[in-house]
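Let me begin by presenting the structure, written as structure tokens, before commenting on it.
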Amino acid sequence: MAFGCLGFIGAPLGGAAFALRVPHASVGSRPRCAQRRSSRARGLCMEATASVPEAAVSGSSVSRDARASAHSASTAAEIKEITARPGWHVHKFGGTSLATPERIESVARLMHSQIREGRKLFVVLSAVGGVTNKLVAMVDQAARRDKDSHFLEGIEDLRDQHESFAERLLDEDAREAFLATFNADLRDIRDVLRAIWIARTSSERLRELVMGYGELWSTQLVWGTLRSAKYDCKCSWMDARDVLLLRDDDESRRSSRRLINWEGSSQNLKSWLDNHPTSVVLATGFIARMPDGVSSTLGRNGSDHSATCFASMLRAAVCEIWTDVDGVYSADPRQVPDARLIDSLSYKEASELAYFGAKVLHPDCMSPLVNDSIPLRIRNSYNPEGLGTLVREDRLLSDAEVKVTDRSVGVKGFSIMNDVALINVEGAGMIGVPGIAGRMFNALFEANVSCIFISQASSEYSICCGVSGSAVQVAKNAIQRAFRFELEERIISAVTIVPDVSILALVGENMQRIPGVASRLFQSLSNVGISAIAMAQGSSERNLSVVVRGIDAKRALQAAHSSFYLSRLPIAVGIIGPGLVGGVLLLQIQEQADQLAREFGVQLQVHGITTSSKMLLSAATDVEGINLSKWKSDFEDAAGPSNMDRFVEHLKQRSPHVVLCDCTASEVVSGFYENWLSQGLNIVTPNKKANSSSMQQYKNLRRAQLAGNHSHFFYEANVGAGLPVISTMRDLLRTGDKFLEIEGIFSGTLSYIFNEFDGSRPFSEIVGLAKEQGYTEPDPRDDLSGMDVARKVCILAREIGLEVELDQVPVKSLVPDELAGSDVSIATFMERLPEFDGNLAQMASEAAQKQERLRYVGVIDAVNKKCRVELRTYPETHPFGALKGSDNIVLFRTVRYDAQPLTIRGPGAGAAVTAAGVFGDVLRLAAYLGAPSAADL
Numbered sequence: 001m002a003f004g005c006l007g008f009i010g011a012p013l014g015g016a017a018f019a020l021r022v023p024h025a026s027v028g029s030r031p032r033c034a035q036r037r038s039s040r041a042r043g044l045c046m047e048a049t050a051s052v053p054e055a056a057v058s059g060s061s062v063s064r065d066a067r068a069s070a071h072s073a074s075t076a077a078e079i080k081e082i083t084a085r086p087g088w089h090v091h092k093f094g095g096t097s098l099a100t101p102e103r104i105e106s107v108a109r110l111m112h113s114q115i116r117e118g119r120k121l122f123v124v125l126s127a128v129g130g131v132t133n134k135l136v137a138m139v140d141q142a143a144r145r146d147k148d149s150h151f152l153e154g155i156e157d158l159r160d161q162h163e164s165f166a167e168r169l170l171d172e173d174a175r176e177a178f179l180a181t182f183n184a185d186l187r188d189i190r191d192v193l194r195a196i197w198i199a200r201t202s203s204e205r206l207r208e209l210v211m212g213y214g215e216l217w218s219t220q221l222v223w224g225t226l227r228s229a230k231y232d233c234k235c236s237w238m239d240a241r242d243v244l245l246l247r248d249d250d251e252s253r254r255s256s257r258r259l260i261n262w263e264g265s266s267q268n269l270k271s272w273l274d275n276h277p278t279s280v281v282l283a284t285g286f287i288a289r290m291p292d293g294v295s296s297t298l299g300r301n302g303s304d305h306s307a308t309c310f311a312s313m314l315r316a317a318v319c320e321i322w323t324d325v326d327g328v329y330s331a332d333p334r335q336v337p338d339a340r341l342i343d344s345l346s347y348k349e350a351s352e353l354a355y356f357g358a359k360v361l362h363p364d365c366m367s368p369l370v371n372d373s374i375p376l377r378i379r380n381s382y383n384p385e386g387l388g389t390l391v392r393e394d395r396l397l398s399d400a401e402v403k404v405t406d407r408s409v410g411v412k413g414f415s416i417m418n419d420v421a422l423i424n425v426e427g428a429g430m431i432g433v434p435g436i437a438g439r440m441f442n443a444l445f446e447a448n449v450s451c452i453f454i455s456q457a458s459s460e461y462s463i464c465c466g467v468s469g470s471a472v473q474v475a476k477n478a479i480q481r482a483f484r485f486e487l488e489e490r491i492i493s494a495v496t497i498v499p500d501v502s503i504l505a506l507v508g509e510n511m512q513r514i515p516g517v518a519s520r521l522f523q524s525l526s527n528v529g530i531s532a533i534a535m536a537q538g539s540s541e542r543n544l545s546v547v548v549r550g551i552d553a554k555r556a557l558q559a560a561h562s563s564f565y566l567s568r569l570p571i572a573v574g575i576i577g578p579g580l581v582g583g584v585l586l587l588q589i590q591e592q593a594d595q596l597a598r599e600f601g602v603q604l605q606v607h608g609i610t611t612s613s614k615m616l617l618s619a620a621t622d623v624e625g626i627n628l629s630k631w632k633s634d635f636e637d638a639a640g641p642s643n644m645d646r647f648v649e650h651l652k653q654r655s656p657h658v659v660l661c662d663c664t665a666s667e668v669v670s671g672f673y674e675n676w677l678s679q680g681l682n683i684v685t686p687n688k689k690a691n692s693s694s695m696q697q698y699k700n701l702r703r704a705q706l707a708g709n710h711s712h713f714f715y716e717a718n719v720g721a722g723l724p725v726i727s728t729m730r731d732l733l734r735t736g737d738k739f740l741e742i743e744g745i746f747s748g749t750l751s752y753i754f755n756e757f758d759g760s761r762p763f764s765e766i767v768g769l770a771k772e773q774g775y776t777e778p779d780p781r782d783d784l785s786g787m788d789v790a791r792k793v794c795i796l797a798r799e800i801g802l803e804v805e806l807d808q809v810p811v812k813s814l815v816p817d818e819l820a821g822s823d824v825s826i827a828t829f830m831e832r833l834p835e836f837d838g839n840l841a842q843m844a845s846e847a848a849q850k851q852e853r854l855r856y857v858g859v860i861d862a863v864n865k866k867c868r869v870e871l872r873t874y875p876e877t878h879p880f881g882a883l884k885g886s887d888n889i890v891l892f893r894t895v896r897y898d899a900q901p902l903t904i905r906g907p908g909a910g911a912a913v914t915a916a917g918v919f920g921d922v923l924r925l926a927a928y929l930g931a932p933s934a935a936d937l
């Protein structure tokens, strides 16, 4: 595929966040493999010396899984070296890792195993899962005097919970000591909440005082568990308020973040360790103190920050953040089901991630580690054997590595930030005027509005910024006040809002070394009909941010993610007409699905099957689509009434890439094509009705493709079933060749009949034999009328640029006029057909005398712009005369292939080869949508 480059000026203020997945197996990177068109049709031969360009999924059979494994092996070796380093190893456990007594036992076992290995452990603990939220809720209940839920009920709930934990975890003496302290704390909390209830308001200091108790309790519970007879570990517990000291100066008061007094905190830590000589410390996360001794916090989710602060002051060998997920994923698995685990990130990549609010990292937690190059690991306490994600110092690819690396290696992942609005300031008077941007951002600062995204055109005619959707009106009013004079004097023409947008962010440290990253991103969005509203990239090229409509956010994320092979390319398939051809197609997809996913990175998911009367849709939980091993029984038992609009809408909800496979011969279904294509949906079909309808409708379908942002319409199986007839014609035309004549035997049925008919047996007998063997339609007149051949001739003529109507194609019908009427039954037709054998018998006899054979052919005279369908004779040495069985054959006579026409020959009828033709078109579509090619290896 070709990608276009797009230049712009601007820089995002933040980066991309990656979401996390609950613990289960991750999906690795995508392998690539070749798909040859020859596999699409048995016995295919192209009798010419020239090669024809391919347009299918292609590439090497080398697996990208092998590369991913090698990459993971490298990271595993690095982790092994880090783990063996001497010094303090800092661990932080989040609330979900401590949510139940069983989870605390698991943490204790994990720590006990490391203590036995002789490591110095500094363990930072969050509150038991949900406790901090309960404490906050109690403060709010007291302040508003909530009538429905009194804060005393919350206190009793906390009492029951922690008494239960103590009962199950602690020895008797430890339990009594813990409960004495715990109950004293509850009395203090009750007194504070009572004061808040009386005052009907709560200060920030009181709120933080109450919020911090959860960490005190959880740390004492884990400390008591490790000291119990079961583990008998010598360890000390630390109230972090005795060590972590916050700043309270002008700079810290202006900052939205809690700033650490590093000098004071380091001295406190040294003194504490001197007074508590130990190799195992259990410390409270989240809480700290102000210079005046008042309790405070590092902000919600601040335990990560606590851990990295302690790691920095201890000059730790490593800091490990334990949570309930396997690590950082390349996208939110709820939106991209096969997002993959990222084995390593640089500090800068992780910082971009943290800015966008990924739950795995606190936004402030990275900076304490960077100066001392302390590695950070994100691990899963539910899966301690997993390696997780390693965050360490930046490592750019060398020039040599850039030349051989996979272009997707530079990209680590994607994120979507929703609920964003753009504010656009524009006007000719802004051009060349200094200070416009500064005044705009100062106005936002004064209004306490954070700017998420900035982009400005190089002409300086306009500048836009992204803000939270909830703050957009405040931001607009502030900017209008700041530029009141310019607006009145028309120096600035307008301050406008673009609401309900999302920011798609792509992050990767090595994107700057890999060419084509931006072009691939925008191509992936174009493939699913999504336009970029605004874009920004910093000069470091570590983050590329694109603004899209909010309703397109999920599709944009899925399309972009799969285009870099961070996940398989998901294609939602809808089968219309699961009859003979459709049924075989479903079988072929079932048989090949695993290989396509494993070796091509293409995930074909059948999410709908419909007939004219009923349809089967995948359930919301069926991420992989309908179970094709039992679709027939499900279709019989669970299918509902057919509704084409609902059918299509369901497919659109399942993937950004949709293909509708129309395996019917219905004009009703083909009547939907124009609407589907205009919606950006892709169509693959053997149904000839659309392309052989009126010339006006034929043109309408092409215009609909443009309206649908170049949606794809593939119909190779319209002519020749699985033979590459149409694709070969297009390749010849694209390379500058011109057609002189096309001649072919396009009907497998009539090919069989005239290969058997040489005059020695009556024509009617051959027709009867063909009907018995299933070569003909139930009514043989559908084949003998020649209209099927005429439709194919009409389609091919239009492909080379001729404007031909179906009724303008002269057709030699083999159905006697007396038997053509609808009032003549099939039985009557077959009974009376022998009456008309004489004429064809005579023609066959005369041909045999000249060593020729009768053949039913379609001819397109491109020079004179004429088409016809007729019965001709050919020498037995001619490719047509030598044809056997039910094969089709087509001769292309072009300017290049004049003396020796290009010949395509092979099976042209039958459900298997027709379905293979449709399947081949689906794979061709996958290539257009971003499936791997050799260039990506």
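For the sequence shown, UniProt numbering begins at 1 and goes up steadily by one.
Where is the CB? At the ideal position from N, CA and C, for every residue including glycine.
Residue i lies in the alpha helix (DSSP H); which residues open and close that run?
i           : result
Y698        : 695 to 707
residue 964 : Because residue 964 is not part of the residues shown, which for the chain are 1 to 937, the question remains open.
T735        : Where T735 is concerned, there is no enclosing alpha helix (DSSP H), given that its DSSP letter is neither H nor E.
C794        : 787 to 799
V648        : 644 to 654
E852        : Not the alpha helix (DSSP H): E852 falls in the beta strand (DSSP E), residues 852 to 861.
Can you tell me whether residue i is helix, strand or coil according to DSSP?
i           : result
N183        : helix
T100        : coil
V623        : coil
residue 940 : No information on residue 940 is available, as it lies outside the stretch 1 to 937 that the chain covers here.
R340        : coil
N448        : coil
Y752        : helix
E716        : helix
A916        : helix
When you compare only the Cα positions, how much space is there between residue i and residue j?
i           : j    : result
Y928        : D157 : 58 Å
S519        : L677 : 24 Å
T776        : D817 : 20 Å
F485        : S218 : 58 Å
D823        : S613 : 28 Å
A307        : L361 : 11 Å
D326        : V584 : 40 Å
E805        : K866 : 11 Å
residue 943 : S642 : What is shown of the chain runs 1 to 937, which leaves residue 943 out entirely.
S346        : S470 : 32 Å
C464        : T323 : 38 Å
Along the beta strand (DSSP E) that carries residue i, what are the first and last residues, could you check?
i    : result
H305 : Element bounds for H305: not the beta strand (DSSP E) but the alpha helix (DSSP H), 303 to 314.
D419 : 413 to 426
G838 : Here G838 belongs to no beta strand (DSSP E); instead the alpha helix (DSSP H) covers 837 to 849.
L616 : 614 to 617
F739 : 739 to 745
E163 : Where E163 is concerned, there is no enclosing beta strand (DSSP E), although the alpha helix (DSSP H) it sits in stretches over 151 to 169.
I454 : 453 to 456
L387 : No beta strand (DSSP E) contains L387, which DSSP labels as neither H nor E.
Between residue i and the rest of its own chain, which residues show a CB-CB distance below 6 Å, the 5 nearest in sequence each way excluded?
i    : result
P337 : V623
V859 : E743, R868
V123 : H91, L282
Using a Cβ-Cβ cut-off of 7 Å (strictly less than) and excluding sequence neighbours within five positions of residue i, which residues of its own chain qualify?
i    : result
S149 : Q141
M787 : V811
Starting from the N-terminal side, write out each stretch of the beta strand (DSSP E) that is 3 residues or longer and does not extend beyond the stretch 863 to 912. Considered as a whole, the stretch 863 to 912 harbours 866 to 875, 887 to 894, 902 to 907 as its complete beta strand (DSSP E) runs of no fewer than 3 residues, in chain order.
Whole alpha helix (DSSP H) elements within the UniProt domain "ACT" (506 to 583), 4-residue minimum: Complete alpha helix (DSSP H) runs here, min 4: 517 to 527, 553 to 563.
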